[in-house]
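Letter by letter, the sequence shown follows residues 1 to 93 of the UniProt record's numbering.
Virtual Cβ for every residue (Gly too), placed ideally from N, Cα, C.
Input: a single structure, listed below in C-alpha coordinates.
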Amino acid sequence: MADGALLNRYWDDNDTPRPESWLDDVTTAKNNPNRPATEIYRDLRSAAASGWDFSSRWMDNPQQLGTIRTTSIVPVDLNSLMFHMEKAIARGQ
1 MADGALLNRY WDDNDTPRPE SWLDDVTTAK NNPNRPATEI YRDLRSAAAS
51 GWDFSSRWMD NPQQLGTIRT TSIVPVDLNS LMFHMEKAIA RGQ
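And the structure:
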(Lines of atoms letter the chains of each structure in order from A; the text may use other names.)
(Lines give C-alpha, C1' and ligand atoms only; values in the text may rest on other atoms or scores of the structure.)
Protein backbone atom coordinates (compact mmCIF):
# COMPACT_ATOMS: atom_id res chain seq x y z
CA MET A 1 0.00 0.00 0.00
CA ALA A 2 1.11 3.60 -0.47
CA ASP A 3 1.77 4.10 3.25
CA GLY A 4 3.96 0.99 3.44
CA ALA A 5 1.34 -1.17 5.15
CA LEU A 6 1.24 -4.79 4.05
CA LEU A 7 -1.83 -6.91 3.46
CA ASN A 8 -1.94 -10.68 3.18
CA ARG A 9 -3.46 -12.89 0.53
CA TYR A 10 -3.36 -16.57 -0.26
CA TRP A 11 -0.57 -17.47 -2.69
CA ASP A 12 1.23 -20.46 -4.10
CA ASP A 13 4.66 -20.13 -5.70
CA ASN A 14 3.83 -22.84 -8.23
CA ASP A 15 1.80 -22.13 -11.34
CA THR A 16 1.27 -25.71 -12.44
CA PRO A 17 -1.66 -28.10 -11.98
CA ARG A 18 -1.97 -29.68 -8.55
CA PRO A 19 -0.58 -33.24 -8.58
CA GLU A 20 -3.66 -34.64 -6.82
CA SER A 21 -6.06 -32.95 -9.29
CA TRP A 22 -3.96 -32.73 -12.43
CA LEU A 23 -6.65 -33.67 -14.95
CA ASP A 24 -9.30 -31.46 -13.30
CA ASP A 25 -6.97 -28.45 -13.29
CA VAL A 26 -5.87 -28.95 -16.90
CA THR A 27 -9.51 -29.32 -17.99
CA THR A 28 -10.51 -26.17 -16.11
CA ALA A 29 -7.72 -24.21 -17.79
CA LYS A 30 -8.60 -25.56 -21.25
CA ASN A 31 -12.23 -24.56 -20.75
CA ASN A 32 -11.16 -20.97 -20.03
CA PRO A 33 -8.90 -19.89 -22.91
CA ASN A 34 -9.40 -16.20 -22.08
CA ARG A 35 -7.01 -16.55 -19.09
CA PRO A 36 -3.46 -17.89 -18.99
CA ALA A 37 -3.45 -21.47 -17.71
CA THR A 38 -0.63 -20.65 -15.28
CA GLU A 39 -2.81 -17.99 -13.66
CA ILE A 40 -5.69 -20.43 -13.22
CA TYR A 41 -3.37 -23.10 -11.80
CA ARG A 42 -1.94 -20.68 -9.22
CA ASP A 43 -5.43 -19.55 -8.20
CA LEU A 44 -6.61 -23.16 -7.85
CA ARG A 45 -3.55 -24.05 -5.76
CA SER A 46 -4.01 -20.98 -3.57
CA ALA A 47 -7.68 -21.72 -2.97
CA ALA A 48 -6.90 -25.31 -2.01
CA ALA A 49 -4.18 -24.14 0.38
CA SER A 50 -6.52 -21.59 1.97
CA GLY A 51 -8.74 -24.27 3.46
CA TRP A 52 -11.72 -22.63 1.75
CA ASP A 53 -11.03 -24.67 -1.38
CA PHE A 54 -13.47 -23.71 -4.09
CA SER A 55 -15.81 -21.46 -2.18
CA SER A 56 -17.72 -18.90 -4.22
CA ARG A 57 -15.74 -16.24 -2.37
CA TRP A 58 -12.88 -16.80 -4.82
CA MET A 59 -14.86 -16.74 -8.08
CA ASP A 60 -16.27 -14.07 -10.35
CA ASN A 61 -18.96 -16.58 -11.33
CA PRO A 62 -19.54 -19.34 -8.74
CA GLN A 63 -20.88 -21.61 -11.50
CA GLN A 64 -17.58 -21.54 -13.41
CA LEU A 65 -14.42 -22.70 -11.64
CA GLY A 66 -12.27 -21.05 -14.31
CA THR A 67 -13.29 -17.63 -12.98
CA ILE A 68 -11.38 -18.30 -9.74
CA ARG A 69 -9.32 -15.27 -8.59
CA THR A 70 -7.89 -16.34 -5.23
CA THR A 71 -4.63 -14.44 -5.58
CA SER A 72 -6.44 -11.19 -6.45
CA ILE A 73 -8.43 -11.08 -3.21
CA VAL A 74 -7.23 -9.72 0.13
CA PRO A 75 -9.47 -11.58 2.62
CA VAL A 76 -10.40 -9.61 5.74
CA ASP A 77 -10.52 -12.79 7.86
CA LEU A 78 -6.97 -13.76 6.89
CA ASN A 79 -5.68 -10.27 7.61
CA SER A 80 -7.48 -10.14 10.97
CA LEU A 81 -5.91 -13.44 12.02
CA MET A 82 -2.47 -12.38 10.83
CA PHE A 83 -2.74 -9.05 12.67
CA HIS A 84 -3.70 -10.84 15.89
CA MET A 85 -0.76 -13.23 15.52
CA GLU A 86 1.68 -10.41 14.75
CA LYS A 87 0.58 -8.53 17.87
CA ALA A 88 0.99 -11.68 20.00
CA ILE A 89 4.49 -12.23 18.61
CA ALA A 90 5.39 -8.59 19.29
CA ARG A 91 4.28 -9.04 22.92
CA GLY A 92 6.40 -12.17 23.15
CA GLN A 93 3.48 -14.52 23.71
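Can the beta-carbon of residue i be found less than 9 Å from the beta-carbon of residue j?
i: residue 70; j: residue 44; result: yes
i: residue 56; j: residue 12; result: no
i: residue 50; j: residue 75; result: yes
i: residue 89; j: residue 9; result: no
i: residue 80; j: residue 48; result: no
Classify residue i as helix, strand or coil using the three-state DSSP reduction.
i: residue 85; result: helix
i: residue 73; result: coil
Candidates the options: which alpha carbon is nearest residue i's?
i: residue 36; options: 52, 16, 53, 51; result: 16
i: residue 173; options: 39, 33, 68; result: Residue 173 lies beyond the stretch modelled for the chain, which goes from 1 to 93, so this question has no answer here.
i: residue 77; options: 87, 7, 90; result: 7
i: residue 65; options: 79, 89, 40, 82; result: 40
i: residue 19; options: 93, 42, 80, 84; result: 42
i: residue 38; options: 24, 31, 23, 14; result: 14
According to the neighbour-count rule (16 or more other Cβ atoms, all chains shown, within 10 Å of its Cβ), is residue i buried or exposed?
i: residue 2; result: exposed
i: residue 59; result: buried
i: residue 5; result: exposed
i: residue 24; result: exposed
With a CB to CB cut of under 8 Å and the five nearest residues on each side skipped, what residues in its chain are close to residue i?
i: residue 62; result: 56
CB-CB under 6 Å to residue i, same chain, minus the five flanking residues each way: which ones, in chain order?
i: residue 82; result: 8
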